[in-house]
Amino acid sequence: MTLSDRQIERYSRQIIVPGFGGAAQERLLAARLAILADSNEVEPALSYFAGAGIGHITLVVPGERAAAAERAARIRDLNSDVVLAHAASVPAEIDLLFALVGGPESRAALDADSGRLRSGAMIVIRIDAPARIAVIPAGAGCPRCVGDALLDPPRARAEHAEFVAMVAAIEALKLLAGLAAANAAALIEFDGPAASARPLPVRNLIAAAAVCGCRRTAASASASR
Ligand SMILES: [Zn+2]
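Note that this note's numbering has the sequence shown beginning at 262, numbered continuously upward.
#1: For the beta strand (DSSP E) containing I276, name the first residue and the last one.
#2: Do A353 and V321 come within 7 Å of each other at the CB atom, strictly closer than that value?
#3: I want to check one thing, is the minimum distance from the CB of G402 to the heavy atoms of ligand 1 below 6 Å?
#4: Excluding the five sequence neighbours on either side, which residues of its own chain have a C-beta within less than 8 Å of the C-beta of E287, listed in chain order?
#5: Report all residues from its chain with a CB closer than 8 Å to the CB of H421; omit the five preceding and five following residues, and keep chain order.
#6: Quick one: grab the DSSP three-state call for A484.
#7: So what does DSSP say about F424, is it helix, strand or coil?
#8: Is A470 near ligand 1, with its Cβ less than 6 Å from a heavy atom?
#9: For E366, collect the residues of the same chain with a Cβ closer than 7 Å to its Cβ; drop the 5 residues on either side in sequence, then sort them by chain order.
#10: Taking 6 Å as the cut-off, is the CB of R379 close to at least one heavy atom of ligand 1?
#11: Along the chain, where does the alpha helix (DSSP H) containing R405 start, and where does it finish?
#12: Going by C-alpha to C-alpha distance, which of P414, V344, A369, A295 sits closest to A382?
#13: Return helix, strand or coil for E302, following the three-state DSSP convention.
#14: Just to check, is the beta-carbon of R405 closer than 6 Å to a non-hydrogen atom of ligand 1?
#15: Mind checking S380: buried by the 16 CB within 10 Å criterion, or exposed?
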């Protein structure tokens, strides 16, 4: 796709960020993102991604009924380039699942749905304490394969939960814009606002996926395309 003059004007602040050009913005506008979050946590991430010009956003908000129409109208006003959908479960064919896990409903939905995602990458954000972010590439397992208590029952909300979610959103933008390696897996752990990242061995994730039952392996990902 090619950016219109209106789109260049709208996204000019991020297009002029070094390394972020028109091609990266075009990739964002073509990207398919799903956000899984509890209803009280979904808005900041949605506004951020819509403002950044992610073209296709599907919201999976467990237990929510009423807010969909109102939210769709608000996002249309914020950025008419964005196509917003609501779904009861994570779509199988997307580029990235952004899973913000802070309460029992989002945790249960992630547990139930993470095996459904065939082609895309996942960023799982635990915004309870201790906060952590797992970046899982396409074809390299699910949160259960990663371990590190990603699917444990949520504890108290982390003190810097909004900041952690923002760090994760930036990681998501870099992946979708093609500015980060698509095959890199990492766990980012927070001690307050201080973060340390360690790479996750993708080979181990793929081995775990083979026995996990999620079938999130490179073979199944490519077979579904
Ligand atoms: Zn798995």
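Think of the CB as a built atom: it goes at the ideal place given N, C-alpha and C, for glycine as much as any other residue. All figures in this text were calculated on a predicted structure; none of them were measured in a lab.
According to the data block:
#1: Unbroken run through I276 is the alpha helix (DSSP H), 273–276; no beta strand (DSSP E).
#2: no
#3: yes
#4: M262, T263, L264
#5: A392, F451, G453, P454
#6: For A484, the pLDDT reaches just 43, beneath the cut-off of 50, and the residue's location in the model is therefore unreliable, leaving the point undetermined.
#7: helix
#8: yes
#9: D299, P323, G324
#10: no
#11: 404–407
#12: A295
#13: coil
#14: yes
#15: buried
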